[in-house]
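Only one structure is covered here, and it is reproduced in the block below.
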Amino acid sequence: AVVSTQSGHYGRVLAEVLPTLLPDLLNTVVATLPKEKKAKEETMLAEKHTLTVEKKTTDSEDAEPITIDDEKEMKGSLKINPVKNFRVSGNTATFKFSTKDQLNKAETVFKSQDKYKVSTKSEPGKKLDPKLSIRNIPSDITNKETLLEKLLEKNEILK
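If you count the sequence shown from 1, you need to add 1036 to reach our numbering.
Next comes the structure, spelled out in structure tokens:
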């Protein structure tokens, strides 16, 4: 008899307290979501930093392709500077860096060597705009505005 009285008391306390706690808890969780999403979006749209290095040629000769020894020398001269991506095509080598500072350091290294023509480029990352397919739309929704209204009504986080 004592147990059932205590469990009844706990049941009443939970019934009174939970409705007030849960909405606040849910609101707190939802309030933090956009901040996390925004931080993720900022990292996705980080700038792209590219350094292009070409072998210098004299007027009388054609451009020589970059050899394996040239590649090793280029990579070796950037040991202290982390390279995100490296590609060689003919007489051109392309380096990709995560930050503008890394790009500037690499540019300084290659410009100090007199055998390369160096160019740099920084551009914003591409923002993806994915397409969305919605299936089984109720027949009472006949236009885009009504669909948007219903989606926002059911998914308040999207507002």
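Think of the CB as a built atom: it goes at the ideal place given N, C-alpha and C, for glycine as much as any other residue.
Among the options, nearest to residue i - alpha-carbon criterion
i	options	result
Ser-1004	Lys-1091, Lys-1167, Leu-1139 and Ser-1134	A question about residue 1004 goes unanswered here, because the residues of the chain that appear run from 1037 up to 1195.
Asn-1127	Thr-1088, Glu-1052, Leu-1184 and Ser-1169	Thr-1088
Thr-1144	Asn-1117, Gly-1161 and Asn-1191	Asn-1117
Ser-1148	Glu-1052, Leu-1114 and Glu-1107	Leu-1114
Thr-1156	Asp-1165, Phe-1146, Asn-1172 and Leu-1183	Phe-1146
Cβ neighbours of residue i in the same chain (closer than 7 Å, five flanking residues each side left out)
i	result
Asn-1121	Lys-1132
Lys-1153	Glu-1090 and Lys-1092
Lys-1186	Ile-1177
Where residue i falls, given that 16 or more other Cβ within 10 Å makes a residue buried
i	result
Ile-1104	exposed
Ile-1102	buried
Residues near residue i by beta carbon distance below 8 Å, same chain, minus five either side
i	result
Ser-1158	Glu-1083, Lys-1084, His-1085, Thr-1086, Lys-1136 and Leu-1139
Lys-1111	Val-1119 and Phe-1122
Leu-1194	Leu-1187 and Leu-1188
Ala-1037	Legend: pLDDT at Ala-1037 = 38, less than 50; position of this residue unreliable, value from coordinates given subsequently. Correct list: empty, nothing qualifies.
Residue i at chain B interface by Cβ criterion, 7 Å
i	result
Val-1124	The chain labelled as chain B is not found in the depicted structure, where only one protein chain is given.
Sequence-distant residues of its chain with Cβ nearer than 6 Å to residue i (five each side left out)
i	result
Ala-1099	Thr-1093 and Asn-1127
Bridge partner(s) assigned by DSSP for residue i
i	result
Glu-1090	Thr-1128 and Lys-1153
Inset, instruction - Please go through the stretch 1110-1148 and give each complete alpha helix (DSSP H) segment of 4 or more residues, from N-terminal end onward. - result: 1136-1148
Inset, instruction - Output the residue ranges of the alpha helix (DSSP H) runs that lie fully inside the stretch 1151-1190 and measure 4 residues or longer, sorted by chain position. - result: 1180-1190
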